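Participant: Please read through the structure below; I'll follow up with questions.
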């Protein structure tokens with residue numbers, strides 16, 4: 029009996045910890061709607077015994093139902109509450125990728141920044157990455173909190189007069205606090221994001237709502253499908269990838285996921301495609317000087333190698349013989365020589381430091397040396413295979429990294445930075461595929477109904 033009692037106590041504590049994440053610690057006291065993880069034999073929020081029945085003990089909604097607020101919140105069907113909350117939103121665009129670390133949040137944040145700060149559209153940015161929210165920092169509002177309006181809905185944080193942001197990062201007690209939730213709790217939170225955020229601001233409709241998603245095709249994505257795609261609907265998805273096969277293998281799964289759930293794909297964007305630097309931005313190191321077995325005598329590792337290297341060996345360099353590889357290698361390889369190289373460039377060809385840039389592909393594989401002159405498939409090949417547009421490539425840009433850390437729009441802070449060209453191309457192509465709904469047109473309401 030003691031053992032059973034202990035197990036019951038452990039189960040009770042874990043159940044309540046799983047259902048009682050203290051989200052309201054940084055929000056106003058307005059009551060949230062009833063949560064979905066209710067107790068068994070629930071009498072319902074509309075019952076006279078709501079919150080007071082024996083079956084209510086330990087339920088996370090007990091206080092809400094006892095106050096009478098649960099009945100009012102439960103009166104509106106979930107799909108209608110989402111439709112109502114998103115009635116002021118024109119276009120909804122998802123940013124997806126089956127792979128983590130490819131830059132979905134970077135693309136989401138800078139895409140929203142560009143629409144709002146550069147083009148002047150009213151934009152909302154919703155972060156549904158429950159366990160790893162990055163959007164608050166990337167928009168410069170990571171120290172902010174949300175509040176509830178008179179109608180009980182959350183009022184998003186404004187990073188710019190035209191850019192409103194909502195994320196679970198505003199609801200946790202601290203920036204470094206982990207959100208350890210199972211699927212049902214994530215689903216409930218995402219549903220609240222869709223149904224309980226007031227995107228209307230000062231009575232103005234949103235032109236675009238950008239939804240940043242976590243990697244994969246699991247809980248959060250299924251919640252989006254159930255609450256959004258099958259209800260209000262979305263206008264399309266931007267698929268983010270890098271060019272290595274490890275990334276594209278997972279992105280292909282995401283493209284198949286979109287196909288299965290009937291979600292339109294606006295196109296594929298290749299992130300971190302290349303990197304552009306000046307000669308003064310890089311460090312130089314000495315390359316290994318290797319003598320092939322044809323030139324070196326494996327039986328004489330102390331052999332004078334200077335003639336073999338054509339007189340390029342300085343007296344200060346030493347060499348060793350690698351018996352396993354049957355080669356002689358310079359022992360000084362890998363030493364930094366940046367100042368020496370820059371000084372040499374200034375003497376021999378100073379225009380390299382001022383008139384030229386270095387560009388290299390970050391992940392792109394070289395052609396295979398298999399006699400067929402073949403190369404691994406590229407993101408553009410993948411987009412073509414799935415019959416979706418290729419939206420271009422965005423460079424790996426140090427200024428872009430700074431803008432993400434400090435929450436600034438790249439196109440405004442560094443308009444001539446290498447990453448701006450690809451970013452502007454992406455925004456222009458998405459605007460072409462999903463132009464904003466013109467409020468001045470007579471068929472504005474009809475268009476809203478169509479996208480819903």
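In my numbering, the protein residues as written are 29 to 480.
Glycine is no exception: its CB is placed at the ideal position from the N, C-alpha and C atoms.
Just so you know, these numbers come straight off a predicted model, no measurement behind them.
1. With distances taken from CA atoms, which of 299, 256 and 241 is nearest residue 446?
2. For residue 214, tell me which candidate among 237, 242, 204 and 205 has the shortest Cα-Cα distance.
3. Within 10 Å of its beta-carbon, does residue 384 have 16 or more other beta-carbons around it, so buried, or fewer, so exposed?
4. Buried or exposed: which applies to residue 62, given that a residue is buried once 16 or more other Cβ atoms fall within 10 Å of its Cβ?
5. Sort out for me which residues DSSP pairs residue 386 with in a bridge.
6. Can we say the stretch 156-163 touches the stretch 247-255, given the rule of at least three CB pairs closer than 8 Å?
7. By alpha-carbon positions, which one of 427, 439, 111 and 409 ends up nearest to residue 219?
8. Note the first and the last residue of the continuous beta strand (DSSP E) segment covering residue 133.
9. Can you tell which of 441, 126 and 265 has the C-alpha that lies nearest to the C-alpha of residue 419?
10. Rounded to a whole number of angstroms, what is the C-alpha to C-alpha distance between residue 197 and residue 362?
11. How close, in whole Å, do the beta carbons of residue 436 and residue 168 come, if the pair is a contact with beta carbons under 8 Å?
12. Using 8 Å for Cβ pairs, my map puts residue 407 next to residue 296. What's the rounded Cβ distance?
13. Please say whether residue 162 and residue 137 have beta carbons closer to each other than 9 Å?
14. Let's see if you can read the secondary structure: which residues bound the beta strand (DSSP E) around residue 188?
15. Using beta-carbon positions only, say whether residue 116 and residue 452 come within less than 9 Å of one another.
16. Does residue 443 pass the burial test, meaning 16 or more other C-beta atoms within 10 Å, or should it be called exposed?
17. Since residue 191 is in the beta strand (DSSP E), which residue starts that stretch and which ends it?
18. Based on the DSSP output, what are the partners of residue 240 in its beta bridges?
19. For residue 307, which residues in the same chain have their Cβ closer than 6 Å to its Cβ, ignoring the five residues on either side in sequence?
20. Is there contact between the stretch 283-297 and the stretch 424-434, where contact requires at least three CB pairs shorter than 8 Å?
21. Looking at the structure shown, is residue 465 part of a helix, part of a strand, or coil, going by DSSP?
22. CB-CB under 7 Å to residue 289, same chain, minus the five flanking residues each way: which ones, in chain order?
23. Since residue 211 is in the beta strand (DSSP E), which residue starts that stretch and which ends it?
24. Rounded to whole angstroms, what is the Cα-Cα separation between residue 312 and residue 390?
25. Per DSSP, residue 364 forms a beta bridge with which residues?
26. List the DSSP bridge partners of residue 411.
27. Would you mind giving the Cβ-Cβ distance between residue 302 and residue 424, rounded to the nearest angstrom? I have them listed as a contact below 8 Å.
28. Given this structure, state the Cα-to-Cα distance separating residue 413 from residue 238, to the nearest angstrom.
29. What does the Cβ neighbour count give for residue 150, buried or exposed, with the cut at 16 atoms within 10 Å?
30. Would residue 465 be called buried (16 or more neighbouring beta carbons within 10 Å of its own) or exposed?
Facilitator: The answer reads as follows:
1. 299
2. 242
3. exposed
4. Because residue 62 carries a pLDDT of 43, less than 50, the predicted location of this residue cannot be relied on, and no value is offered for it.
5. 305
6. yes
7. 111
8. Looking at the DSSP string, residue 133 is not in any beta strand (DSSP E); the run it does join, the alpha helix (DSSP H), is 132-141.
9. 265
10. 44 Å
11. 7 Å
12. 6 Å
13. yes
14. 185-188
15. no
16. exposed
17. 191-195
18. 123 and 155
19. 380 and 381
20. no
21. coil
22. 253 and 257
23. It is not in any beta strand (DSSP E) - residue 211 instead sits in the alpha helix (DSSP H) that spans 211-223.
24. 18 Å
25. 313
26. None; residue 411 has no bridge partner.
27. 7 Å
28. 26 Å
29. buried
30. buried
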